[in-house]
């Protein structure tokens, strides 16, 4: 069999990315050579391939589900919002420029042929391509020069499955309305619908399903119950930010910046049943944390101003001076320092801005973005937060515009043996730490020891025994997701739809 299936949604965040990953794993389990594809992704979560190219995180976990290495061809266009009206435009893994939405709308038509050729090469190599749309195909103001929804389906000659989210309410209206707003030739591409995130007794839904099928003349291929799987979210429209865990344990609180990026860094912490992970917007939400994290940011200078405006400066300085563990990752690392400089206007019209001043460090925004995978060892040790950690292997990836210069009193915690460089910074008291390394918590031996140190300081029992690899954990989650979808979607009919294709 050779062909494709495209998942489009009635709106953003209806579960397209997760269902695409499920189909990738199902086809992979069934012996097919399968790959994901999304022409254009708008997300602040990104990943760096082995070749140093930047791509959307959703296609990374879909590729993993498909049993293959992530490649930038799976996501040729990535838009990373930098303001409410603009984004950094990344083409085939490298920064093209920063554009306003209106500028990109005009520019998009020039990218159509590139998208078509990229998809064609991928389709020649793989037996099944699982294509993901973006937002909704019924956004009638964006239909001209569309390259990610029905425009992509036509380029790929792919049948479409429409996804609706029943959890948010109005699923019948959204499915019906989406179908009715499509052009007749677009409507003909839709071969089935799936209702996602269902909670309750499906028998109560069945009368509505039958009526919907008559109205839209498209079969319902499945009703997928809500499932909580520990797989990376595509963007910041995520339930993770609303979770407020309670109970006894290690309290880790992440500051929810307006332009937070790569919050997938913290997914491994959710594997620990005694870790209470939460995201906080206001200083008064801090709840005697054992660790506070300032995450990555796509607009570090504006997020620095946000912290100042919200009253975080005094609270974070007080927390740090009291000995609390404060960690900054990427943009958060830069915010910990004394000063930012942006001479080229890479992120903002501001040319300089003071940081929190908790690390003796200064950052200058460069014209070129650093994008690389790296390996090394953790080289710092003390008798408190970082006890027994020296020599633990570390790997991850860097995505940053800024270059940070550290003062003499700052200790370098990570030795990158793959490139013979030192990375990150720790203050002399050992409680303020910054790093550019995304994915640091995926190093589960390192994470286990850090958490054990926090457990010891709280008088809790340390965890012993072997540490499960993060890869094994993810593999189990992909398999669990695939089985869940097999149980509730007509997979045999999905295969028939792929085999039949579409006539254009």
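In this note's numbering, the protein residues as written are 32 to 535. Virtual Cβ for every residue (Gly too), placed ideally from N, Cα, C.
- Under the DSSP assignment, residue 208 falls in the alpha helix (DSSP H) whose first and last residues are 202-212.
- The Cβ-Cβ distance between residue 229 and residue 249 does not fall below 8 Å.
- Looking at 316, 372 and 332, the one whose alpha-carbon comes closest to that of residue 347 is 316.
- In the three-state reduction of the DSSP assignment, residue 423 falls in the coil class, being assigned neither a helical nor a strand state.
- Within the region 495-520, the complete alpha helix (DSSP H) segments at least 4 residues long are 501-519, listed from N- to C-terminus.
- Under DSSP, the beta-bridge partners assigned to residue 110 are 73 and 120.
- Under the three-state reduction of DSSP, residue 383 is assigned to strand.
- Looking at the DSSP output, residue 352 sits in no beta bridge, so it has no partner there.
- By the neighbour-count criterion, in which a residue is buried when 16 or more other Cβ atoms sit within 10 angstroms of its Cβ, residue 378 is buried.
- Around the Cβ of residue 116, a 10 Å sphere holds fewer than 16 other Cβ atoms; the residue is exposed.
- Around residue 184, the same chain offers 37, 191 and 220 as residues with beta carbons nearer than 6 Å, after the five sequence neighbours per side are excluded.
- According to the DSSP assignment, residue 48 belongs to the alpha helix (DSSP H) that extends over 47-60.
- Taking 8 Å as the cut-off, the beta carbon of residue 194 is found no closer than this to the beta carbon of residue 285.
- Taking a contact as a CB-CB distance under 8 Å, the pair residue 163 and residue 256 does not count as one, their CB atoms being some 21 Å apart.
- Residue environment for residue 352: exposed (fewer than 16 other C-beta atoms within 10 angstroms of its C-beta).
- For a cut-off of 8 Å, the C-beta gap from residue 292 to residue 329 is around 5 Å, short enough to register as a contact.
- For residue 157, the secondary structure class from DSSP, reduced to helix, strand or coil, is coil.
- Contact between residue 405 and residue 426 holds: their C-beta atoms lie close to 7 Å from each other, under 8 Å.
- Judged by their CB atoms, residue 494 and residue 483 are nearer to each other than the 8 Å cut-off.
- Collapsing the DSSP output to three states places residue 531 in a helix.
- Assigned with DSSP and collapsed to three states, residue 292 falls in strand.
- Of the candidates 263, 280 and 311, 263 places its Cα closest to the Cα of residue 96.
- Here residue 499 is exposed. Its C-beta has fewer than 16 other C-beta atoms within 10 Å.
- Under the DSSP assignment, residue 217 falls in the alpha helix (DSSP H) whose first and last residues are 215-218.
- Cβ-Cβ separation between residue 452 and residue 468: approximately 12 Å, too far for a contact (criterion under 8 Å).
- Assigned with DSSP and collapsed to three states, residue 88 falls in helix.
- Between residue 395 and residue 433, the gap from beta carbon to beta carbon is short of 8 Å.
- Rounded to the nearest whole angstrom, the C-alpha separation of residue 392 and residue 205 is 51 Å.
- For residue 67, the secondary structure class from DSSP, reduced to helix, strand or coil, is strand.
- Remark: C-beta atoms of residue 287 and residue 322 do not approach each other more closely than 8 Å.
- Secondary structure within the region 387-416: not one fully enclosed alpha helix (DSSP H) run of 4 or more consecutive residues is present.
- Leaving aside the five residues that flank residue 282 on each side, the residues in its chain whose CB is nearer than 7 Å to its CB run, in chain order, 307, 318, 319, 320 and 321.
- Of all alpha-carbon atoms in 60, 521 and 64, the one lying nearest the alpha-carbon of residue 34 is that of 64.
- The criterion of a C-beta distance shorter than 8 Å is satisfied by residue 226 and residue 251.
- The beta carbon of residue 101 is closer than 8 Å to those of 78, 80, 86, 90, 91, 94 and 95 in its chain, skipping five residues each way along the sequence.
- The three-state secondary structure of residue 32, taken from DSSP, is coil.
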